[in-house]
Every structure is written in structure tokens, then in C-alpha cells.
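Start counting the sequence shown at 832; every next residue gets the next number (this note's numbering). Contents: one structure, followed by commentary.
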Amino acid sequence: YSDDNYKKALAGNKLVGNMLDGNPLEDLLGNGFNSIFCVAGAAVDTIATPLEFGADFLQGNGDTAFQTKAERYVTMTNVCTKGFIGGTYSHVKNFNTEGKTEEETKKLEEQLQLKKDKTADEIIKLAKHFRGVESNDCIVNPTASSGVWKQAGQEWSDINLGSSSKTVASSGCLITSLSMLMARSGTQITNLPSGYDTFNPGALVTTLNKNEGFIGANFAWRGQQSIAPNWNMGTAESFSTDNSSTLATKISEELSQPAEGKYQKFILLQIYYNGGANQHWVAVDGVNNGQVIISDPGGPDGNTLDNKYTDWRVNSYRVMYATDVLFGQSGSSTLNSGSTNYCTGSGEIVIPEEFGRGGFTVTYYLNSDNSWNWAKNSKQGELYYNHWLTQEPKFDQGIAVYQGRYLIACTDTFGEVGDMVDFFLEDGTKIPCIIADEKSQTVEAWDHNPANKWGHNNGQNVLEFEVSKEYSKSHNTNPGNNTWFPEWKGKRVASATNLGQNILNS
């Protein structure tokens, strides 16, 4: 979901999905039946639910604080008949241009578009309201600023922690640090509280307050399920040191091993400083040159404990993970600048309904698995020799990975070799990828099936994974079956987003 994508979907003139698309009877039958259902549905909705919107929403008369029931009935029928999902605007789309000049016709078209946009904006308001109250859909989170989230001086700073008088500003270092890790991980975020359009520390605290997440002002390490259903609070580990090198070694060991054998770890540090006079929590970004790199929600500038604090000591740390973030997907918890690598339901490049239904194909990626080698002076060779071969792990369940992304071949519709691309299945499942090879859009020599801009086999096979021959042969099949990525089985590749980042240019 995004407001821009929603507005585009609503701005068309066709009744999308109508079995009569393109038929002259489309407007008559489609809109006629739609109006009947809208009137009936609005009546039931108005009677059955007590919710009322502000007067500035759609048909409010502007003189009262809330719409009356009658006004709400008009509101709901107006929204439903004038622009429902899929979009039809026949009530304004047909206008008489006979005898009109080109300039007059253009002006009428502009007026028409303004009406379309207004209706789309009204429906977006409605969607936002219900999304905030009760939606369990995946939300796109613009959290690129989470690396500098602070507990004080922010819109969430005055929110109380639980039933106490303490606030995020005074005592919210733990919650703010936790919010950073959740945002950067890419874990699914759902059920944003009313009033929030994106995830941030305020959204988390508001959720925890509603779900017994605090005992007094103390975080109870629970209550996050409704906003981050896959996030596991993990375990507290006792470890006492005031030595940077010792701490770095310990954190490196933790981050090098997956949680439960397969999930990426995220770490909060509990520190004491000024000789133990002050206690604080910070988020771990990773380890570099023998130093633990941190994000601090409340401290001074600098990115290591030595830079930020005097006479510090770590007595414990907390290891957490998300069951939808596999080991290696995020490397460290540091957010890639400019990335939108979060849970989303669809991408910007939409694959038409009739394509992408052919499952997944594979090629063997190791040179030793093939009778040929990548040319070292090609982009494919640069990725293979200079990047993929130099890092570990090389495979995730038999599929080649680099920087937590699957290596795939696809057509240049989606980008070029080295590009980071997120592909989305029809149920919203995201498959983070890097293009390792380019697929032809012409006849496939090996089976003579035609290809097109979407992929091979008449555009049915969009994704071709680079895999380990040994792993592939042991499963005797391709990914997306009962034993090898069963969560992808039978799902159409529906869309993709090129993230605008190419690892060969970095």
C-alpha cells in the first residue's frame, strides 16, 4: 500500500476487473450494479457502526464537529459509487466536446482530472483511517531517518511509558533503540496505531501501552506482537566488561551465528557510565576495526562507546531476532542509505495478470558446476569473481546470496546486472534479489519456447535462481515446492521494484 499507488489505481476510467471491460455495456451494467450495492452497503454500514468522521471529511457541512448519520450515509455512497477500488469515474468521465475548441476541451479534461484526484484523496483518507484502526496489512515504512531517532525533542517524546509519569524523553532509551532495530531489520510491521502513517518510536510505545508492554515504567519485553508479529525479544545475556576490544570480540561472535540456526540477530547494549552513576541502552550497528558501532538515542555525537562515554561498563546485552528476517539478509543492523528494503505488498513494475505464473527456473552458479566459466571482463564475471566468491555465506538453502539478497537472472525489464531488485509474489511476499545475469527476450534456444519482456516461456518464468548444483539435484526440483521454499509454491510473480542501487558501482 502507498498513497501514490492507490491514487494511480483509482485514477483510471475503466472498471478494472469487470468481466465486461471493453464492452459497450460496461458503464451501464457495471455502474448500475455498483450503485445498487453501494447504496445498500452504505445503509448497513451507517446503521451498524457508531464511528463518525470529522466534518472536514467529504460531505461534512463544516458547521458541526462531526457528521450526522445522514451525512455519513451520503459520504459512504459518494465514496463507493464515485471511486471504489479498481476505479470508475463514469459519472464525470463522459462530457460533451462537440463544438468545443481544443483549449476548451483541454480545460474540461483538467476539470475532470481534478474531480478524479479529489475522489481519490477522499478514499485515501478513508483507507488511512481504517488501516490505522484495524488493518493487518503490511505497511511500507519510510524509516531512513531511524539511525538518528532520539528520545528527546521528538513528536513522541512526551508519550508516557505505561501507567507511569515517565516519558520517552526521560526514560525511553531502550524503546527508542529497540525501534531503530525493528525499523532497520525489515521485519513486517502491521496494525499501526490510529494517528500514525509510519513506524517510529511513538508507534511502538503507543502499541506497548495498549498491550501491557510495561510494568510501571519498566519495559516487560512483551506486547509488540500486534505491530511487529514476527519480532522475538530473545534472551538477555550477562557479560561484564569495560574493554572495547573484549566487547567487540563478543558481539562479533554473536552476530556471526544465526538465532535458532537461521535468523539474523539484533543486539541492544545495556551500559553504565560515569562510574556506574548512569544507566543507558543503545542499539548495536555492528563491529568495525575492533570497535562496537552503536546508535545512541540520547547521547552525544560519536559512534562508539569510547567516543561517547567515560568510565563505561557493559553488564549485559539483549539478543533479538525476527522470524521473517533470515541470517545474512541484513548483514548488520545498519540501514542501507536510501534503501526501501521493508515489508511491502507490491512493487512499482507491475507484471500483467497473464504472466509470471510459471514458477521458478534455475541455473548452476559455481563454475565447477558448469561446463563454462564467467568472462572476467563482463559484468556477470565482475559480480562472480570480485564480489560473490569473496564473501560468506555463499548460499542460502542452495540459492546463491550476496549481501543478504538472492542472485537471479531476469530480463532487462527489471534492471541490469548488479542492480538490487525486490520482487513480490501475488500474496505480498518479497524476494530480495540482485541481478546476476540477463535473460534473453527472444526464443530460448534450448527449448524453442518464445520469451518476452517479462521472462521465458511466454513470460511465465520471470525469475531464474542461481543455485548450487548439489543442492538442486538433491531436491530434484526447482524452488517453490513442498521441500524447497514451500512458501513460494504456486504463487505468481506479480511485481518488482528496482531500488536504484548497483553493487558493481559501489
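We put the CB at the ideal spot given by N, CA and C, even for glycine.
Coil, strand or helix - residue i by DSSP
i: residue 1117; result: strand
i: residue 1144; result: strand
i: residue 1028; result: coil
i: residue 1290; result: helix
i: residue 1182; result: coil
i: residue 1039; result: helix
i: residue 871; result: helix
i: residue 945; result: helix
i: residue 1135; result: strand
i: residue 1192; result: strand
i: residue 1091; result: coil
i: residue 1015; result: helix
i: residue 1220; result: helix
i: residue 1226; result: strand
i: residue 1065; result: strand
i: residue 1273; result: coil
i: residue 1329; result: strand
i: residue 1084; result: helix
i: residue 1096; result: strand
i: residue 1048; result: coil
i: residue 1071; result: strand
i: residue 934; result: helix
i: residue 1324; result: strand
i: residue 1297; result: strand
Inter-residue CB distance, residue i and residue j (contact presumed, cutoff 8 Å)
i: residue 1149; j: residue 1098; result: 7 Å
i: residue 1270; j: residue 1231; result: Incorrect: roughly 16 Å between the Cβ atoms, too far for contact.
i: residue 1094; j: residue 1143; result: Not a contact, Cβ separation roughly 29 Å.
i: residue 1265; j: residue 1233; result: 6 Å
i: residue 1048; j: residue 997; result: 4 Å
i: residue 1058; j: residue 1038; result: 4 Å
i: residue 1309; j: residue 1191; result: 5 Å
i: residue 1034; j: residue 1024; result: 6 Å
i: residue 1258; j: residue 1322; result: 6 Å
Proximity of residue i and residue j at Cβ, strictly below 7 Å
i: residue 1344; j: residue 1238; result: Lying before the first or after the last residue shown, residue 1344 is absent from the chain, which here runs from 832 to 1337.
i: residue 1249; j: residue 1156; result: no
i: residue 1229; j: residue 1147; result: no
i: residue 1178; j: residue 1328; result: yes
i: residue 1319; j: residue 1306; result: no
i: residue 1288; j: residue 1129; result: no
i: residue 993; j: residue 1030; result: no
i: residue 1123; j: residue 1197; result: no
i: residue 1118; j: residue 1083; result: yes
i: residue 1182; j: residue 1285; result: yes
i: residue 1050; j: residue 1193; result: no
i: residue 1145; j: residue 1072; result: yes
i: residue 1064; j: residue 1011; result: no
Assigned exposure category for residue i - 16 Cβ within 10 Å defines buried
i: residue 931; result: exposed
i: residue 1292; result: buried
i: residue 967; result: Confidence at residue 967 is low in this model, with a pLDDT of 33, below 50, so the placement of that residue should be treated as unreliable; the coordinate-derived value is given next. Under this definition residue 967 is an exposed residue.
i: residue 1253; result: buried
i: residue 1092; result: exposed
i: residue 1135; result: buried
i: residue 1101; result: buried
i: residue 1008; result: buried
i: residue 1242; result: buried
i: residue 1294; result: buried
i: residue 1054; result: buried
i: residue 1290; result: buried
i: residue 1107; result: exposed
i: residue 1032; result: buried
i: residue 1090; result: buried
i: residue 1246; result: buried
i: residue 1304; result: exposed
i: residue 937; result: exposed
i: residue 1153; result: buried
i: residue 871; result: exposed
i: residue 1022; result: buried
Best match in the options for proximity to residue i [C-alpha to C-alpha]
i: residue 1141; options: 1296, 1074 and 1282; result: 1074
i: residue 1127; options: 1318, 1003 and 1080; result: 1003
i: residue 1325; options: 1009, 1262 and 1014; result: 1262
i: residue 1301; options: 1313, 1210 and 1226; result: 1226
i: residue 1056; options: 1066, 1020 and 1071; result: 1020
i: residue 1251; options: 1258, 1194 and 1235; result: 1235
i: residue 1067; options: 1052, 934 and 1260; result: 1052
i: residue 1110; options: 871, 1001, 983 and 1218; result: 1001
i: residue 1210; options: 1041, 1273 and 1335; result: 1335
i: residue 1272; options: 1332, 1244, 985 and 1076; result: 1244
i: residue 1222; options: 1087, 1139 and 935; result: 1087
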